[in-house]
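> Residue numbers (my numbering): 43 to 420.
Ideal Cβ positions, reconstructed from N, Cα and C, are used throughout, including at glycine.
The structure is given below, and queries will be raised subsequently.
If you want it as structure tokens, here you go:
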């Protein structure tokens, strides 16, 4: 009995000694401090949450330990309430410039409206306090959540939104319009990008009262109200006037709103696209005549018809692309003397194709805003 009793004490003592040794070898608080110190130079942070994670870890201390963090990207099955709770801990003077939640998958409020209401309430409690000035949002948001999110930053300058018509139209009080959400930051927005299957097209918003907007990107589904899902193809010319904000300088028209490169062998920039573009150009010239030279700042339209360079081995496909680029260049030669430049966004090199992620809503962050003055078109 004595032996067994003594052996038990030895076991207990050994466990305490082992634990003591571990604590001496790896002092956890000190390790964390070192880890956070390593983060001081981090400028871009990407956090992904898988479907099997029930709760996102608390990284608020890590965020506060990154004084140079300018871009935060969240992907995966994110609980919006958890992530917003942690971002709220940042001071208004924090360096965070970009919040990208465009690739967050379906939120839990699809099944529990109370969760959705909690997110809205949390954001409304902190309206005008977030430090970021650039926001990328995906199709998981409805108008009410979107309004609360857009109102969260003190000053939103750049906004990219991928629209899901079924969610936008879910709350009939807003009649599917994006206007209530866009109006919240209309006095500060300089860049606006709207993509996705937006059923209302140009009738869903009006930018003529946005005093700072200079750069606009719209996809084909919004511009022409048609894409690979057939629906009403009627375009009312007067709607074109809605996109011309007082200081608008350029427009990027993206024909493919998907990132998989599944373009057709024909119709990179077809005659129907040319007809649509002429309608827009005619409206631009009409508005130019109505305004004095000092007020008119619109310079050009960039067209993006492909996201991947056509395979040179597919001769017919490449020939069709080159022919339609000639059509676009001819249109540019026609309108350039009238003060409007028309060009195609440079086609990516073959080596760049790997950078596109098939399931991503937008291009990588370094390309999202590249149609503005910082991008030198060829």
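1. Looking at C-alpha atoms only, which residue of 188, 230, 409, 225 is the closest neighbour of residue 198?
2. How would you write the range of the alpha helix (DSSP H) that residue 321 sits in, first residue to last?
3. Between the stretch 248-258 and the stretch 278-288, do three or more beta carbon pairs fall short of 8 angstroms?
4. By the three-class DSSP mapping on this structure, what secondary structure does residue 405 have?
5. Cutting at 6 angstroms between CB atoms, please list the residues of its own chain near residue 236, excluding the five before and the five after it.
6. Determine the DSSP secondary structure at residue 345, reduced to helix, strand or coil.
7. Go ahead and pull the three-state DSSP assignment for residue 410.
8. So the candidates are 371, 219, 136, 126; which of them puts its Cα closest to the Cα of residue 169?
9. Are the CB atoms of residue 108 and residue 84 within a distance shorter than 7 angstroms?
10. Bridge partners for residue 116 per DSSP, in chain order?
11. Pairs of beta-carbons, one from the stretch 174-194 and one from the stretch 129-147, closer than 8 angstroms: are there three or more?
12. Roughly how many whole angstroms lie between the Cα atoms of residue 133 and residue 157?
13. Skipping 5 residues on each side, what residues in its chain have a beta carbon closer than 6 angstroms to that of residue 297?
14. Just curious, the alpha helix (DSSP H) that residue 121 is in, first and last residue?
15. Considering just the uninterrupted stretch of the alpha helix (DSSP H) at residue 377, what are its terminal residues?
16. Since residue 255 contacts residue 219 with CB under 8 angstroms, what's their CB separation in whole angstroms?
17. Which residue wins for smallest C-alpha separation from residue 312, given the options 371, 340, 332?
18. Would you please state the rounded distance, in angstroms, between the beta carbons of residue 292 and residue 341? I believe it to be under 8 angstroms.
19. Looking at the unbroken alpha helix (DSSP H) that takes in residue 264, where does it start and where does it end?
20. Residue 345 and residue 386: beta carbons closer than 7 angstroms?
21. Taking the DSSP output, what are the residues bridged to residue 254?
22. Please return the same chain residues whose Cβ sits closer than 7 angstroms to the Cβ of residue 160, not counting the five positions on each side in sequence.
23. Following the continuous beta strand (DSSP E) through residue 143, name the residue where it begins and the one where it ends.
24. Look up residue 238 in the DSSP assignment and say whether it is helix, strand or coil.
25. By the three-class DSSP mapping on this structure, what secondary structure does residue 338 have?
26. Is it buried or exposed, residue 184, if we count other Cβ atoms within 10 angstroms and call 16 or more buried?
27. In terms of residue numbering, what span does the beta strand (DSSP E) encompassing residue 293 cover?
28. If residue 176 and residue 139 are in contact, beta carbons under 8 angstroms, what's the gap, nearest whole angstrom?
In terms of the structure at hand:
1. Closest in alpha carbon position to residue 198, among 188, 230, 409, 225, is 230.
2. Start and end: 313-332.
3. Remark: three or more beta-carbon pairs, one from each stretch, lie closer than 8 angstroms, so the stretch 248-258 and the stretch 278-288 are flagged as touching.
4. Three-state result, residue 405: coil.
5. Answer for residue 236: 203, 260, 264, listed in chain order.
6. Note: residue 345 maps to strand in three-state DSSP.
7. Judged by DSSP in its simplified three-state form, residue 410 adopts helix.
8. That would be 126, whose Cα lies nearest to the Cα of residue 169.
9. Yes, the Cβ-Cβ distance between residue 84 and residue 108 is below 7 angstroms.
10. Paired residues: 89.
11. Result yes; three or more Cβ-Cβ pairs closer than 8 angstroms.
12. Taking the straight line from one Cα to the other gives about 25 angstroms.
13. 262, 347.
14. Neither: residue 121 is in no alpha helix (DSSP H) and is coded neither H nor E.
15. First-last of the alpha helix (DSSP H) with residue 377: 357-377.
16. Between the beta-carbon of residue 255 and that of residue 219 there is about 17 angstroms, and that puts the pair past the 8 angstroms contact cut.
17. Ranking 371, 340, 332 by CA distance to the CA of residue 312 puts 371 first.
18. With a Cβ gap of about 6 angstroms, residue 292 and residue 341 count as contacting.
19. That run of the alpha helix (DSSP H) goes 262-266.
20. Yes; because the gap between Cβ atoms is below 7 angstroms, this pair is in contact.
21. In the DSSP assignment, residue 254 is bridged to no other residue.
22. Residues 123 of the same chain have their beta carbon placed closer than 7 angstroms to that of residue 160, with the five preceding and five following residues left out of the count.
23. Note, residue 143: beta strand (DSSP E), 140-146.
24. The answer is strand: DSSP assigns residue 238 an E or B state.
25. Here DSSP, grouped into helix, strand and coil, assigns residue 338 to coil.
26. Flag for residue 184 reads buried.
27. In the DSSP annotation of this structure, the continuous segment of the beta strand (DSSP E) that includes residue 293 starts and ends at 292-296.
28. Yes, they are in contact, since the Cβ atoms of residue 176 and residue 139 sit about 6 angstroms apart, within 8 angstroms.
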